[in-house]
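Residue numbers (the working numbering): 4 to 508.
Note that CB positions come from ideal geometry on N, CA and C, so glycine has one too.
In this text the structure is predicted, and so the values were computed from the model without any measurement.
Report on the structure given below.
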Amino acid sequence: MANQQAALLGAFAKFFPNATTIGSFVNGELVVDTGDSSIDIVNPATGQTVLAYRDAGAAVVAQAAEAAQAAQKTWWALTHAARGRVMQAVGAKIRENAEALAQLESIGAGKPIRDCRGEVAKVAEMFEYYAGWTDKFFGDVIPVPSTHLNYTRREAMGVVLQITPWNAPVFTCGWQLAPAIAMGNGVLLKPSELTPASSLVVAALAEQAGVPRGLINVLAGYGHTTGQAAISHPVVKKVVFVGSPATGSKIATAAAQRLLPSVLELGGKSANIVFDDADLKRACLGAQAAIFSSAGQSCVAGSRLLVQRGVYDQMIDMLARGAEKIRVGEPMDDTTEVGPICNRTQYQHVMNMIDAGVEGGARLAAGSQQRSDGGFFVRPTVLADANNAMGVARTEIFGPVVVAIPFDTEEEALAIANDSEFGLAGAVWTQDVARAHRVASQVNAGTFWINGYKTINVASPFGGYGHSGYGRSSGVEALYEYTQTKSVWVETAANPATPFGYVEA
Ligand code: NAD
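Written as structure tokens, this is what we have:
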């Protein structure tokens, strides 16, 4: 426990010297002595509590809201190009501190260090990408049928609230922060209470790079206390939520009560469809990346593997043998490919789902029902010979567990793929070009891959259909979410006809 605490605090203190624990980042300061309850950070590799910190609470939310509102006015008053230069500097600052930030993420969230390095690089890329947009996203001149000049302005929302989950904390933080500040907004960011450290650091680095003090505030705390206090705060003008459908529904309801617009980026149960003409080796590698990378704690995970019957046995055999070779281990070990599940509740859910799958008639082709001692490790698991009516094929497991289902025809594959309340992602593996595009157009999902899986980029829009959410992140589409449009009318006629009213000559 003492060693683990020292490791986390040591990694954190590289950015916040003298910090005795984690806290919230408000108006440029780390505040630790806050709300009523205490929150434990648990190391998922050992199951032991590493550190406790205070829930931010309503008073800290109010301070953060005031700071964000004031800083947003300064930020919005800058030229668009000046905002872009600061955004570029944030990207550079993250690159400069990349290794230390990746280590903090690995220790603080229990993610394999090699994944953390990749995600931190993507965060830098997000700020750089949106730096380029600051002076390239603007309104239009509308050819109205009158003597008016009519133009539109894209204006900041003001202060936006972002609520994020534990599975990819630093990635999600950059993903939502970059477009929000590029468009001139102030931010209250509430990361998962389980993994706040890296978001605090991104906010501090952004200020070092030139973002005004108080523009980005990170509220470390519980959802039902700190998160709810933030949704209720009158300064907040929009809520962007990344997390589970159950919480998303509560948040959208609370936002709607205040008539606040919201974006929901929720879960998935994505279908990865393999036809019998596919390059099976590539499809097998793709299927492993789709579900086992990040220990399956990925919203777009290819958690339902649909395989055409002619190649089904061969594919499952290849997949199961591959799964057994994957290196599961300590997050900070460079050779680890799959780390632990992030927290105890989620670990128990994943193990219970494996049990339920086997009890429901699925065959455990790879993996184990054995609970691990101490840490929350789950071996890559293949539940074969399943059908789409089983609970494991309908519920998001959010662990390294793939449910394999055989099919005979394209129509059947599409029917199974679309028989889900989710619609986040999907993929098809085939060498038939016409079939590939046909299937891509018919699967209900916000992201779809042909002969690949899991490629995403900040330049390309991302979001869900159905219970996977609404609104879009990434690309130009995120800029619409973080702005509101004003239409301005200018009379240009010397003596315009007056449509209504009387004045003395
Ligand atoms: P979660 O819904 O439990 O929590 C997400 C966030 O909501 C946390 O910050 C939490 O503190 C906060 N929260 C909880 N209750 C709240 C309340 N009543 N009011 C305000 N805030 C509240 O999700 P999780 O378990 O942290 O993350 C896993 C889920 O996130 C999975 O379903 C996964 O698919 C989803 N996810 C989606 C995407 C996407 O882009 N679609 C990306 C990553 C994760």
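Close Cβ partners of residue i (< 6 Å) along its chain, the five nearest in sequence each way excluded
{"i": "glutamine 7", "result": "Asn46, Val53"}
{"i": "phenylalanine 18", "result": "Val204, Ala207"}
{"i": "phenylalanine 1", "result": "Here the chain has residues from 4 to 508 only, and residue 1 is not among them."}
{"i": "proline 115", "result": "Pro334, Thr339, Gly342"}
{"i": "threonine 155", "result": "Gly142, Asp143, Thr488, Ser490"}
{"i": "tyrosine 315", "result": "Pro409"}
{"i": "phenylalanine 401", "result": "Gln300"}
{"i": "alanine 439", "result": "Val431, Thr433, Ile453"}
{"i": "threonine 398", "result": "none"}
{"i": "alanine 175", "result": "Checking the displayed sequence, the identity of residue 175 turns out to be threonine instead of alanine. Excluding residues within five positions, the ones whose Cβ falls inside 6 Å are Thr167, Val245."}
{"i": "arginine 366", "result": "Ala387, Asp388"}
{"i": "proline 264", "result": "Lys241"}
Run of the alpha helix (DSSP H) containing residue i, from where it starts to where it stops
{"i": "histidine 352", "result": "347-362"}
{"i": "tryptophan 78", "result": "60-80"}
{"i": "threonine 256", "result": "248-260"}
{"i": "isoleucine 234", "result": "231-235"}
{"i": "isoleucine 294", "result": "283-295"}
{"i": "isoleucine 116", "result": "116-134"}
{"i": "valine 204", "result": "200-211"}
{"i": "arginine 382", "result": "Note, arginine 382: premise wrong, no alpha helix (DSSP H); not H, not E."}
{"i": "histidine 440", "result": "436-445"}
{"i": "alanine 179", "result": "Position check: residue 179 holds glutamine in this sequence, whereas alanine was assumed. It spans 172-185 - the alpha helix (DSSP H) in which glutamine 179 sits, taken as one unbroken run."}
{"i": "arginine 374", "result": "Careful: arginine 374 lies outside any alpha helix (DSSP H) and carries neither H nor E."}
{"i": "alanine 304", "result": "Note, alanine 304: premise wrong, no alpha helix (DSSP H); not H, not E."}
{"i": "glycine 394", "result": "394-397"}
Beta bridge counterpart(s) of residue i as assigned by DSSP
{"i": "serine 490", "result": "Thr155"}
{"i": "proline 409", "result": "Val310"}
{"i": "valine 45", "result": "Thr52"}
{"i": "tyrosine 473", "result": "Leu267"}
{"i": "alanine 387", "result": "Arg366"}
{"i": "threonine 558", "result": "The requested residue 558 is not part of the displayed model; the chain covers only 4 to 508."}
{"i": "valine 34", "result": "Ser27"}
{"i": "arginine 57", "result": "Ser41"}
{"i": "glutamine 465", "result": "Per the sequence shown, the amino acid found at residue 465 is phenylalanine instead of glutamine. Looking at the DSSP assignment, phenylalanine 465 forms a beta bridge with Ser476."}
{"i": "valine 341", "result": "Val331"}
{"i": "valine 144", "result": "Tyr154"}
{"i": "valine 404", "result": "Thr384"}
Limits of the beta strand (DSSP E) - the one that residue i falls within
{"i": "asparagine 220", "result": "219-221"}
{"i": "threonine 28", "result": "At residue 28 the sequence reads phenylalanine, which differs from the threonine that was named. Counting along the chain, the beta strand (DSSP E) containing phenylalanine 28 begins and ends at 27-29."}
{"i": "lysine 240", "result": "239-245"}
{"i": "valine 331", "result": "That residue, valine 331, is in no beta strand (DSSP E); it is neither H nor E in DSSP."}
{"i": "lysine 193", "result": "189-193"}
{"i": "leucine 107", "result": "Run containing leucine 107: none in the beta strand (DSSP E); it sits in the alpha helix (DSSP H), 101-112."}
{"i": "asparagine 162", "result": "Checking the sequence, you will find valine at residue 162 rather than asparagine. Where valine 162 is concerned, the enclosing beta strand (DSSP E) stretches over 162-166."}
{"i": "serine 265", "result": "265-268"}
{"i": "isoleucine 276", "result": "274-277"}
Own chain residues within Cβ distance below 7 Å of residue i, not counting five before or after
{"i": "proline 182", "result": "Tyr133, Ala481, Leu482, Tyr485"}
{"i": "glutamine 211", "result": "Lys96"}
{"i": "glycine 426", "result": "Asn447, Ala448, Gly449, Gly467, Tyr468, Gly469, Ser471"}
{"i": "aspartate 280", "result": "Thr433, Gln434, Asp435"}
{"i": "aspartate 118", "result": "Ser297"}
{"i": "glycine 364", "result": "none"}
{"i": "proline 383", "result": "Phe295, Ala326, Ile329, Val341, Ala369, Gly370, Pro403"}
{"i": "arginine 324", "result": "none"}
{"i": "alanine 61", "result": "Ala232"}
{"i": "alanine 10", "result": "Ile110"}
Inter-residue CB distance, residue i and residue j (contact presumed, cutoff 8 Å)
{"i": "isoleucine 97", "j": "leucine 104", "result": "7 Å"}
{"i": "phenylalanine 410", "j": "leucine 309", "result": "5 Å"}
{"i": "alanine 223", "j": "glycine 271", "result": "Wrong, their Cβ atoms sit about 27 Å apart, outside the cutoff."}
{"i": "valine 431", "j": "isoleucine 453", "result": "6 Å"}
{"i": "isoleucine 166", "j": "leucine 218", "result": "18 Å between Cβ atoms; not a contact."}
{"i": "isoleucine 234", "j": "valine 242", "result": "6 Å"}
{"i": "alanine 407", "j": "valine 381", "result": "Not a contact, Cβ separation roughly 17 Å."}
{"i": "serine 306", "j": "valine 405", "result": "6 Å"}
{"i": "threonine 137", "j": "alanine 84", "result": "7 Å"}
Residues of its chain near residue i, where Cβ-Cβ distance is below 8 Å and the 5 sequence neighbours each way are ignored
{"i": "asparagine 346", "result": "Val45, Pro47, Trp169, Leu197, Phe379"}
{"i": "aspartate 282", "result": "Trp432, Gln434, Asn454"}
{"i": "alanine 462", "result": "Tyr132, Ser477, Gly478"}
{"i": "threonine 150", "result": "Glu494, Thr495, Ala496, Pro499"}
{"i": "alanine 73", "result": "Gly217"}
{"i": "serine 41", "result": "Ala55, Tyr56, Arg57, Asp58"}
{"i": "glutamate 99", "result": "none"}
{"i": "methionine 354", "result": "Gln372, Arg374, Val381"}
{"i": "glycine 313", "result": "Asp279"}
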